[in-house]
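Undergrad:
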Amino acid sequence: MNDILKLTAIEISKKYQTKELSCSEVTKAFLDRISATNTELNSFVSISEKTALETAKIVDEKIAKSQRLALLEGVPIAIKDNMCTSGVATTCSSKMLANFVPSYDATVIEKIRNNNMPILGKTNMDEFAMGSSTETSFFGSTKNPWNTNTVPGGSSGGSAVAISALQAPLALGSDTGGSIRQPASFCGIVGMKPTYGVVSRYGLIAFASSLDQIGPFSKNIDDSAALLSVISGYDHKDSTSQPNIDTDFTKISSQKEIKIGLPKEFFANLDPKVKELYQDTISILSKEGIIFEETELPSLEQGISTYYIVAPAEASSNLARFDGVRYGYRNQEAKSLVDMMELSRSEGFGAEVKRRILIGTYVLSSGYYDAYYKKAQQVRTIMKNDFQKAFSKYDLLLSPTTPTPPFSFGEKSNPLEMYMNDIMTIPANLAGIPALSMPFGKSNNLPMGIHLMGNLLEDQKLFSIAKKIEQILGFNIQNPYWEK
Ligand code: GLN
Numbered sequence: 003m004n005d006i007l008k009l010t011a012i013e014i015s016k017k018y019q020t021k022e023l024s025c026s027e028v029t030k031a032f033l034d035r036i037s038a039t040n041t042e043l044n045s046f047v048s049i050s051e052k053t054a055l056e057t058a059k060i061v062d063e064k065i066a067k068s069q070r071l072a073l074l075e076g077v078p079i080a081i082k083d084n085m086c087t088s089g090v091a092t093t094c095s096s097k098m099l100a101n102f103v104p105s106y107d108a109t110v111i112e113k114i115r116n117n118n119m120p121i122l123g124k125t126n127m128d129e130f131a132m133g134s135s136t137e138t139s140f141f142g143s144t145k146n147p148w149n150t151n152t153v154p155g156g157s158s159g160g161s162a163v164a165i166s167a168l169q170a171p172l173a174l175g176s177d178t179g180g181s182i183r184q185p186a187s188f189c190g191i192v193g194m195k196p197t198y199g200v201v202s203r204y205g206l207i208a209f210a211s212s213l214d215q216i217g218p219f220s221k222n223i224d225d226s227a228a229l230l231s232v233i234s235g236y237d238h239k240d241s242t243s244q245p246n247i248d249t250d251f252t253k254i255s256s257q258k259e260i261k262i263g264l265p266k267e268f269f270a271n272l273d274p275k276v277k278e279l280y281q282d283t284i285s286i287l288s289k290e291g292i293i294f295e296e297t298e299l300p301s302l303e304q305g306i307s308t309y310y311i312v313a314p315a316e317a318s319s320n321l322a323r324f325d326g327v328r329y330g331y332r333n334q335e336a337k338s339l340v341d342m343m344e345l346s347r348s349e350g351f352g353a354e355v356k357r358r359i360l361i362g363t364y365v366l367s368s369g370y371y372d373a374y375y376k377k378a379q380q381v382r383t384i385m386k387n388d389f390q391k392a393f394s395k396y397d398l399l400l401s402p403t404t405p406t407p408p409f410s411f412g413e414k415s416n417p418l419e420m421y422m423n424d425i426m427t428i429p430a431n432l433a434g435i436p437a438l439s440m441p442f443g444k445s446n447n448l449p450m451g452i453h454l455m456g457n458l459l460e461d462q463k464l465f466s467i468a469k470k471i472e473q474i475l476g477f478n479i480q481n482p483y484w485e486k
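For the sequence shown, this note's numbering assigns the number 3 to the initial residue and increments by one for each residue that follows.
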């Protein structure tokens with residue numbers, strides 16, 4: 003095993019400055035690792051060896067001339083396959099987009115390219131980011147490096163595995179209801195969903211636009227904060243982008259007293275092993291001076307039901323564009339336009355995507371709109387208010403990231419059971435607040451994540467407290483796959 007692979011992104015950056023490592027050498031190490039492990043793990047759907055090495059060369063020329071490198075410049079990265087990459091297929095792991103090659107870059111990709119970060123490849127995901135296990139991918143499921151009989155979580159399973167199996171030092175995912183944080187939890191790494199609007203969604207293939215947010219995967223909190231600093235910022239191409247934000251998330255601050263609320267609503271339905279780990283963690287952190295208090299946010303109980311109205315409603319509208327006419331899969335045998343659209347959509351989309359389109363179309367239909375969609379938006383407002391009240395008393399809210407440890411392939415064949423896995427992560431999307439998952443313990447040698455939620459636009463504070471917790475817990479992210 004090449005020792006380069008174990009380095010954090012910040013460590014790699016430092017070794018460029020001191021000329022201990024070249025960018026080509028680092029990029030090559032990760033590309034080699036991908037080619038040695040991808041057949042088994044299936045975390046990448048495409049690999050961009052040539053362009054990655056070309057970018058590395060540019061960085062090496064700067065290093066040779068002793069030019070200063072920007073934050074994370076030259077650090078390789080993996081990208082979830084729902085972010086548009088000009089000239090490189092962007093499939094959303096769907097048959098519908100299996101041959102779609104965008105003509106433009108998403109804003110985050112533009113930022114990554116401008117920062118000369120070699121893009122190693124595009125990662126596997128649940129089809130159109132709908133799922134919690136990466137099992138709905140058209141390209142087959144991704145395996146969890148901690149135990150290959152186990153799912154890596156989803157929908158950004160490929161990106162989480164890329165970090166956990168040492169195929170990339172950094173990765174991007176997208177999170178609509180937990181798709182960064184839940185796979186981070188299942189793979190024993192750090193995954194962060196920023197405040198809604200901190201990262202541009204331009205060029206992210208939309209699932210549910212009012213909930214979608216791009217965010218970083220990494221080995222630790224420092225790398226996560228650094229990557230968010232690179233990808234964030236106002237973008238006039240995204241009307242929901244936040245203006246005037248400080249995009250330096252690396253300024254870790256320390257505060258004397260940290261007060262964390264523990265939402266009671268999340269304690270029910272916890273797997274006993276998760277509960278035990280969670281309680282142990284709270285007592286360890288209390289001993290270090292962090293103050294914990296149980297609190298109530300009654301609307302959290304409505305999270306899943308609200309999400310499964312809002313998200314499918316927006317998805318049904320966003321996915322209407324895939325009609326076989328403009329781009330994407332087209333059935334070639336149909337004799338009429340209507341037949342062509344119908345067949346293209348029924349053959350191009352998988353079962354979970356169709357389920358969401360059906361639910362979404364139903365809840366938006368006239369006669370039902372007020373009863374479902376409008377009601378769901380009202381609950382969302384109540385939830386935002388509950389969070390505002392909580393954050394007037396607490397710096398953060400804490401819970402496990404998922405109610406259960408990582409599960410096996412096929413174990414959650416009932417969609418409702420699958421949906422329940424996001425019970426703790428969904429409220430942050432509905433309220434737009436920042437949240438992250440970081441590893442805190444193991445159950446049967448499988449990792450478990452702890453979930454921290456912060457107030458709107460307090461992403462930096464979230465990182466600062468998370469870093470303190472990381473130092474106290476000192477979780478070792480090494481998994482058995484590192485020996486391969
Ligand atoms: N698992 C959730 C869903 O299936 C969340 C997905 C996501 O965050 N993209 O909708």
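Here a beta-carbon is modelled for each residue, glycine too, at the ideal position from N, C-alpha and C. These numbers come from a predicted model, not from an experiment.
What's the gap between the Cα of K113 and the Cα of S234?
TA: Locating residue 113 in the sequence shown gives position 111, counting from the first residue. Locating residue 234 in the sequence shown gives position 232, counting from the first residue. The straight-line gap from Cα to Cα measures roughly 9 Å.
Undergrad: Looking at G205 and P120, is the spacing between their C-beta atoms short of 9 Å?
TA: By one-based count along the sequence shown, residue 120 stands at place 118. By one-based count along the sequence shown, residue 205 stands at place 203. No. Outside cutoff.
Undergrad: Out of G159, A270, L71 and S241, which one is the CA nearest neighbour of M132?
TA: Position 130 of the sequence shown, counted from the start, is the residue given in the question as residue 132. Of the candidates G159, A270, L71 and S241, the one whose C-alpha sits nearest the C-alpha of M132 is G159.
Undergrad: For P78, report the span of its alpha helix (DSSP H) as first-last.
TA: The sequence position of residue 78 within the sequence shown is 76, counting from 1. Segment: none, P78 is in no alpha helix (DSSP H) and carries neither H nor E.
Undergrad: From P300 to K386, what distance separates their C-alpha atoms?
TA: Counted from its first residue, the sequence shown places residue 300 at position 298. Counted from its first residue, the sequence shown places residue 386 at position 384. Cα-Cα distance, rounded: 11 Å.
Undergrad: Counting along the chain, where does the beta strand (DSSP E) carrying F294 start and finish?
TA: If you number the sequence shown from 1, residue 294 lands on position 292. Taken as a continuous stretch (DSSP letters only), the beta strand (DSSP E) holding F294 covers I293 to T297.
Undergrad: Q215 bridges to which residues according to DSSP?
TA: Counted from its first residue, the sequence shown places residue 215 at position 213. In the DSSP output, where bridge partners are listed per residue, Q215 has D177.
Undergrad: Out of N117, N146, I191 and Q215, state which residue places its alpha-carbon closest to the alpha-carbon of I428.
TA: As a position in the sequence shown, residue 428 is number 426, starting the count at 1. Nearest of N117, N146, I191 and Q215 to I428, Cα basis: Q215.
Undergrad: Does any residue of chain D bring its CB to less than 9 Å from the CB of L454?
TA: Of the protein chains in this structure there is only one, and it is not chain D.
Undergrad: Does the distance from the C-beta atom of F219 to that of L448 stay below 9 Å?
TA: Looking up residue 219 in the sequence shown gives position 217. Looking up residue 448 in the sequence shown gives position 446. Not in contact: F219 and L448 (Cβ atoms no closer than 9 Å).
Undergrad: Using a threshold of 8 Å, is the CB atom of A162 nearer than that to any non-hydrogen atom of ligand 1?
TA: Position 160 of the sequence shown holds residue 162. Not under cutoff, so the answer is no.
Undergrad: Should the region 449-462 be regarded as contacting the region 398-414, the criterion being three or more beta carbon pairs within less than 8 Å?
TA: These segments touch.
Undergrad: State the CB to CB distance for the pair P196 and D461, rounded to an integer number of angstroms; the pair is presumed to be in contact (CB under 8 Å).
TA: By one-based count along the sequence shown, residue 196 stands at place 194. By one-based count along the sequence shown, residue 461 stands at place 459. P196 to D461, Cβ: 5 Å. Contact.
Undergrad: So within the region 292-365, which uninterrupted alpha helix (DSSP H) runs reach at least 4 residues, ignoring any that extend past its ends?
TA: Counting whole runs of 4 or more residues, the region 292-365 contains the alpha helix (DSSP H) stretches 305-320 and 339-350.
Undergrad: Taking only three categories from DSSP, how would you classify M455?
TA: The residue you call residue 455 lines up with position 453 of the sequence shown. Strand, per DSSP.
Undergrad: Can you say whether S135 is buried or exposed, counting buried as having 16 or more other CB atoms within 10 angstroms of its CB?
TA: The count along the sequence shown starts at 1 and reaches residue 135 at position 133. Per the 10 Å Cβ criterion, buried.
Undergrad: How would you call M3, buried or exposed, if buried means at least 16 neighbouring beta carbons within 10 angstroms?
TA: Translated into positions along the sequence shown, residue 3 becomes position 1. Exposed, because fewer than 16 other Cβ atoms sit within 10 Å of the Cβ of M3.
Undergrad: So which of K67, L122, T41 and C94 has the shortest CA-CA distance to A208?
TA: Along the sequence shown, read from residue 1 onward, the residue named residue 208 stands at position 206. Among K67, L122, T41 and C94, the Cα nearest to that of A208 belongs to C94.
Undergrad: Starting from G160, trace the alpha helix (DSSP H) in both directions and tell me its first and last residue.
TA: Here residue 160 refers to the residue found at position 158 when the sequence shown is read from its first residue. It spans G159 to S166 - the alpha helix (DSSP H) in which G160 sits, taken as one unbroken run.
Undergrad: Which of the three DSSP states, helix, strand or coil, is assigned to T87?
TA: Within the sequence shown, numbered from 1, the residue matching residue 87 stands at position 85. Here T87 sits in strand by DSSP.
Undergrad: Who pairs with K261 in a beta bridge, going by DSSP?
TA: Locating residue 261 in the sequence shown gives position 259, where the first residue counts as 1. I293.
Undergrad: Verify whether the separation of the beta carbon atoms of A378 and S307 is less than 9 Å.
TA: In the sequence shown, counting from the first residue as 1, residue 378 sits at position 376. In the sequence shown, counting from the first residue as 1, residue 307 sits at position 305. A contact, by the Cβ cut-off of 9 Å.
Undergrad: Does the Cβ of A313 lie closer than 8 Å to at least one heavy atom of ligand 1?
TA: On the sequence shown, residue 313 is found 311 positions in, with the first residue counted as 1. It does: the Cβ of A313 is within 8 Å (strictly closer) of some heavy atom of ligand 1.
Undergrad: With a cut-off of 8 Å on the beta carbons, I'd call T297 and P245 a contact; round off their distance for me.
TA: Counting from 1 along the sequence shown, the entry for residue 297 is found at position 295. Counting from 1 along the sequence shown, the entry for residue 245 is found at position 243. Going by Cβ atoms, the distance from T297 to P245 rounds to 32 Å, so no, they are not a contact pair.
Undergrad: Hey, how far is the Cα of P417 from the Cα of E137?
TA: Here residue 417 corresponds to residue number 415 of the sequence shown, with the count starting at 1. Here residue 137 corresponds to residue number 135 of the sequence shown, with the count starting at 1. If you take the alpha carbons of P417 and E137, they lie about 12 Å apart.
Undergrad: Would you kindly check if the distance between the Cβ of P78 and the Cβ of V47 is under 9 Å?
TA: Residue 47 sits at position 45 when you count from the first residue of the sequence shown. Residue 78 sits at position 76 when you count from the first residue of the sequence shown. Contact: no.
Undergrad: Can you tell me whether S394 is helix, strand or coil according to DSSP?
TA: The count along the sequence shown starts at 1 and reaches residue 394 at position 392. If DSSP states are grouped into helix, strand and coil, S394 belongs with the helices.
Undergrad: Under 8 Å: does the beta carbon of Q19 sit that close to some heavy atom of ligand 1?
TA: Taking the first residue of the sequence shown as position 1, residue 19 is located at position 17. Checking every heavy atom of ligand 1 against the Cβ of Q19, none is found closer than 8 Å.
Undergrad: Sort I223, F102, Y198 and E42 by Cα distance to N328 and report the nearest one.
TA: Counting from one through the sequence shown, the residue named residue 328 turns up at place 326. For the sequence presented, residue 328 should be read as Arg rather than Asn. Measuring from the Cα of R328, the nearest candidate turns out to be F102.
Undergrad: Using a Cβ-Cβ cutoff of less than 8 Å, which residues in the same chain neighbour M422 once the five nearest sequence positions on both sides are dropped?
TA: Locating residue 422 in the sequence shown gives position 420, counting from the first residue. The answer, listed in chain order, is N271, I306 and P405.
Undergrad: Give the range of the alpha helix (DSSP H) segment to which V232 is assigned.
TA: Taking the first residue of the sequence shown as 1, we reach residue 232 at position 230. Looking at the DSSP string, the run of the alpha helix (DSSP H) that includes V232 is I223 to I233.
Undergrad: What residue from L23, G263, Q304 and L302 has the CA that sits closest to I284's CA?
TA: Walking along the sequence shown from the start, residue 284 turns up at place 282. Considering only alpha carbons, the answer is G263.
Undergrad: Decide if D341 is buried, meaning its Cβ has at least 16 other Cβ atoms within 10 Å, or exposed.
TA: Taking the sequence shown and counting its residues from 1, one reaches residue 341 at position 339. So D341 counts as exposed.
Undergrad: Hey, how far is the Cα of S338 from the Cα of R357?
TA: Looking up residue 338 in the sequence shown gives position 336. Looking up residue 357 in the sequence shown gives position 355. Taking the straight line joining both Cα atoms gives about 25 Å.
Undergrad: Taking just the CA atoms, how far does F268 sit from M426?
TA: For this step, residue 426 is matched to residue 424 along the sequence shown. For this step, residue 268 is matched to residue 266 along the sequence shown. Their Cα atoms are separated by approximately 7 Å.
Undergrad: Shorter than 8 Å, the distance from the beta carbon of M194 to the closest heavy atom of ligand 1, or not?
TA: Along the sequence shown, one-based indexing puts residue 194 at 192. No; taking the cut-off as 8 Å, the Cβ of M194 has no heavy atom of ligand 1 nearer than that.
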